[in-house]
Amino acid sequence: MTKQDRAVRTRLALIRSAAEQFEARGYVRACLAQISAGAGVSSGALHFHFANKAAVAEAVEHEAAGALRTAAGHGRDADGSALQRLVDVTHHVARLLCADVVVRAGLRLNAEEYGGRTRDLRREWRECVQGLLAEAEGRGELAAGVTPQRTSAVVLAATTGIEVLAREDQGWLARPSLTDLWRLLLPCLAAPRLVAALDPAGSGPTASGTPVSGAVAGGAAKAEPVGSGADAPGVPAQAYAVGLALR
175 MTKQDRAVRT RLALIRSAAE QFEARGYVRA CLAQISAGAG VSSGALHFHF ANKAAVAEAV
235 EHEAAGALRT AAGHGRDADG SALQRLVDVT HHVARLLCAD VVVRAGLRLN AEEYGGRTRD
295 LRREWRECVQ GLLAEAEGRG ELAAGVTPQR TSAVVLAATT GIEVLAREDQ GWLARPSLTD
355 LWRLLLPCLA APRLVAALDP AGSGPTASGT PVSGAVAGGA AKAEPVGSGA DAPGVPAQAY
415 AVGLALR
């Protein structure tokens, strides 16, 4: 292994160790000695790569941002229904949060106040959701009266809430949890001609080789076709109530 390879591996080990400390303790209580010990290197090696704790936190956020942008990019650039891609990207991000402590810590750090923060990960997520919903509107995929602006507020509130709740219980990120959310929302959001074709469990495969906490193997039932109003077949009363909020 070359000296450069060792340096890269040491830096990555420090970022992961820092993410574990930031996730468990938060920015203020995490300390550099524990970060270096967790990476199996000396304090001197840590300071060779990072000037201070803020620089380590910035590196964790940077790595998390890259992973989240990649997930969002797949949603924006893929083919097919924009609504299905929105569903798929939420499942993809949930898998990332389950599997990658760096992504979890990056989002937690981004919500905390500390010096040197240069990005807003939740703003970037908002732009991803709003962009896909605007595309869905342009393609005629939204139900009559459903607007991207109000719909994005509901989706953002739900997904951000799930991420926060998952800090204490990762079961919130399990595939069935998100599937239930989309099974409730999609009959209210989607044009009736599309509802039966949309999969609330996500249309893409789970990440190969990636552990998915609490995931359930196999596909989930698709939403039933809907008409309009609370008595439409396949639309539970809760879904109709959500639909009123979206319109």
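Per our numbering, residue 175 is the first one in the sequence shown, and the count goes up by one each step.
For every residue, glycine included, the Cβ atom is placed at its ideal position computed from N, Cα and C.
If you're wondering where the values come from, they're calculated on a predicted model, not measured in any experiment.
- Item | Contact set for R185: own chain, Cβ-Cβ below 7 Å, skip 5 residues either direction | H223
- Task: With DSSP collapsed to three states, give me the class of L186.
- Result: The answer is helix: DSSP assigns L186 an H, G or I state.
- Starting from L295, follow the alpha helix (DSSP H) in both directions and report where the run begins and ends. 295-312
- If we ignore side chains and look at the alpha-carbon of each, how far apart do A318 and V202 end up? 48 Å
- With distances taken between CB atoms, is the gap from I209 to V234 smaller than 8 Å? no
- Message: I need the straight-line Cα distance from V338 to L220, nearest angstrom please.
- Response: 30 Å
- Below 8 Å on the Cβ atoms is my guess for F196 versus R282; work out the distance and round it to an integer in Å. 6 Å
- Per-residue burial, S255 [other beta carbons within 10 Å of its own, 16 or more giving buried]: buried
- Query: Would the beta-carbon of L257 fall within 8 Å of that of L355?
  - Reply: In this structure, L355 does not lie closer than 8 Å to L257 by Cβ.
- Query: Under the three-state reduction of DSSP, which class applies to L372: helix, strand or coil?
  - Reply: coil
- So what's A317 in DSSP terms, helix, strand or just coil? coil
- Query: From this set, E194, E315, V329, L358, which residue's C-alpha is nearest D274's C-alpha?
  - Reply: E194
- Item | E315 versus V329 - alpha carbon distance | 16 Å
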